[in-house]
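These notes concern the structure reproduced below.
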Amino acid sequence: MSYLHSIGEYILMIKGVFGRMTKRSVLKELIFKEINELVIGSLGIVAFLSFFIGGVVALQTALNLNNPLIPKSLVAYAARQSIILEFSPTFISIIMAGKVGSFITSSIGSMRVTEQIDALEVMGVNSLNYLVFPKIIAMLTYPFVIAISMFLGIMGAYAAAVFGGFLSPEAFISGLQEDFIGYQVFYAFFKTFLFAMILATIPAYHGYYMTGGSLEVGKASTTSFVWTSVVIIVTNYIVTQLLLS
Numbered sequence: 000m001s002y003l004h005s006i007g008e009y010i011l012m013i014k015g016v017f018g019r020m021t022k023r024s025v026l027k028e029l030i031f032k033e034i035n036e037l038v039i040g041s042l043g044i045v046a047f048l049s050f051f052i053g054g055v056v057a058l059q060t061a062l063n064l065n066n067p068l069i070p071k072s073l074v075a076y077a078a079r080q081s082i083i084l085e086f087s088p089t090f091i092s093i094i095m096a097g098k099v100g101s102f103i104t105s106s107i108g109s110m111r112v113t114e115q116i117d118a119l120e121v122m123g124v125n126s127l128n129y130l131v132f133p134k135i136i137a138m139l140t141y142p143f144v145i146a147i148s149m150f151l152g153i154m155g156a157y158a159a160a161v162f163g164g165f166l167s168p169e170a171f172i173s174g175l176q177e178d179f180i181g182y183q184v185f186y187a188f189f190k191t192f193l194f195a196m197i198l199a200t201i202p203a204y205h206g207y208y209m210t211g212g213s214l215e216v217g218k219a220s221t222t223s224f225v226w227t228s229v230v231i232i233v234t235n236y237i238v239t240q241l242l243l244s
């Protein structure tokens, strides 16, 4: 029953977010602040991970490709499919659940502990709209981060495969273009959009409805990371089943 209560509370929170709106000038400033903290602040770790994981995927494929009948261009093909379909949209989102999700939960949870949320309500401000709505709008730019991740992942694969001497630049480009299906890019960005909504709302829920003191803020951050990751993985399975089956 506690899970049903949490789901209902989460749905009511989403409804409350789009209730009484805060002044547009205030929201605009908050949205740009959230974009800077949640999206731009995450570009460094995303770029680093994407480049080197792309390189690892290419190396693993090249080192295990022992059959002389299989063309070397398969290295680029496998790297492209792995990065576009799963690594960039899904695994980067799980990493972001730890970085961005924990930040959202702790920042809202700290406001709950210090009674700043109660103060907003006393002043007649819709605290859900003031705190959560800018985060949702800011995370609409999250697919931009995933696009950079895809590009750098493929560049990492190129660097590892070509400069590692496993195949020529022409063979890599050929493999990269082989059997390319544009719909798979749509699939990747569609689920990225869903993951962005999950990353913005589930951590906000755990921060907004937490109770206790500063110790519970840390516990809420851990819980939000676990549940955000679980929901992302389940959503990934459902979306893949619906769009690629």
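With numbering that gives the first Met the number 0 applied, the sequence shown covers 0 to 244.
Here a beta-carbon is modelled for each residue, glycine too, at the ideal position from N, C-alpha and C.
C-alpha gap between residue i and residue j, whole angstroms
i       : j       : result
Leu-193 : Gln-240 : 15 Å
Leu-175 : Tyr-76  : 5 Å
Arg-111 : Val-144 : 30 Å
Ser-148 : Val-121 : 43 Å
Leu-84  : Val-56  : 13 Å
Leu-26  : Pro-133 : 7 Å
Phe-47  : Glu-177 : 27 Å
Same chain, Cβ closer than 8 Å to residue i, neighbours up to 5 away in sequence not counted
i       : result
Trp-226 : Ile-201, His-205
Phe-189 : Val-238, Leu-242
Cβ neighbour criterion (16 or more within 10 Å) applied to residue i
i       : result
Ser-244 : exposed
Asn-235 : buried
Pro-88  : buried
Thr-113 : exposed
Thr-191 : buried
Ser-220 : buried
Three-way DSSP call (helix, strand, coil) for residue i in this model
i       : result
Val-161 : helix
Thr-254 : Outside the modelled stretch of the chain, which goes from 0 to 244, sits residue 254, for which no answer is possible.
Phe-17  : coil
Lys-27  : helix
Beta-carbon proximity list for residue i, same chain, < 6 Å, skipping 5 on both sides
i       : result
Phe-171 : Ala-75, Tyr-157, Ala-160, Val-161
Gly-43  : none
Pro-168 : Val-161
Ile-136 : Ile-30
Residues near residue i by beta carbon distance below 7 Å, same chain, minus five either side
i      : result
Met-96 : In the sequence under discussion, the amino acid at residue 96 is Ala, which differs from the Met named in the question. Result list for Ala-96: Leu-198, Phe-224, Thr-227, Ser-228, Ile-231, in chain order.
Sequence ranges, alpha helix (DSSP H) only - wholly within the segment 33-90, length at least 4
Listed in chain order, the complete alpha helix (DSSP H) runs (minimum 4 residues) inside the segment 33-90 are 42-62, 73-81.
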